[in-house]
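Counting from 782, one number per residue, gives the positions in the sequence shown under my numbering.
Just so you know, even glycine gets a beta-carbon here, dropped at the ideal spot from N, CA and C.
For clarity, every value in this text was computed on a predicted model and none was experimentally measured.
Heads up, the thing below is written out as structure tokens.
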Amino acid sequence: QVQLVESGGGLVQPGGSLRLSCAASGRIFSNTAVGWYRQAPGKQRELVAQIFAGGTTIYADSVKGRFTISRDNAENTVYLQMNSLKSEDTAVYFCNWVYGRVTWGQGTQVTVSS
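So, in structure tokens, the structure goes:
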């Protein structure tokens, strides 16, 4: 059974940084596109960053230039470095494959507030 475990969230002030991690068991990240998604209260889940097997990355306009997605194939882990955080980045963050998604993990809460 494939499992996803996200971690690294927390409370941070505007302008601060966080690094999220997502570890997978039962399926490897390296051979297809993987993404970080987020869901804010009252809003639909959205894809904010994705990394393809060859290393190409794509970002939503709302996070471009501030977030960086990366992957450690040896550890089967995907990361999201988030800098210059804004209050509108507050959400629960999830990882999953972009194609052929599996059951969502529990996510990790990111709260940006002073």
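What is the rounded straight-line gap between the Cα of residue i and the Cα of residue j?
i      : j      : result
Met863 : Ser811 : 21 Å
Thr892 : Asp842 : 20 Å
Gly816 : Ile832 : 6 Å
Ser895 : Gly791 : 13 Å
Val783 : Arg847 : 30 Å
Arg800 : Gly789 : 6 Å
Gly826 : Ile839 : It should be noted that the sequence gives Arg, not Gly, for residue 826. Approximately 17 Å between the Cα atoms of the pair.
Ala855 : Thr884 : 23 Å
Ala834 : Pro822 : 31 Å
Val896 : Leu828 : Absent from the model: residue 896. The displayed extent of the chain is 782 to 895, so no value can be given.
Thr837 : Thr849 : 11 Å
Looking at residue i: is its Cβ nearer than 8 Å to the Cβ of residue j?
i      : j      : result
Leu861 : Ala830 : yes
Gly886 : Glu787 : yes
Ser798 : Leu866 : yes
Leu785 : Asn857 : no
Pro795 : Ser868 : yes
Tyr874 : Arg819 : yes
Cys803 : Val859 : yes
For the beta strand (DSSP E) containing residue i, list its first residue and its last residue.
i      : result
Trp885 : From DSSP, Trp885 is part of no beta strand (DSSP E); its letter is neither H nor E.
Thr871 : Counting along the chain, Thr871 falls outside any beta strand (DSSP E), and DSSP gives it neither H nor E.
Val891 : Thr889 to Val893
Considering only residues of the segment 783-868, which uninterrupted alpha helix (DSSP H) runs meet the minimum length of 4 residues and lie entirely inside it, listed in chain order? none
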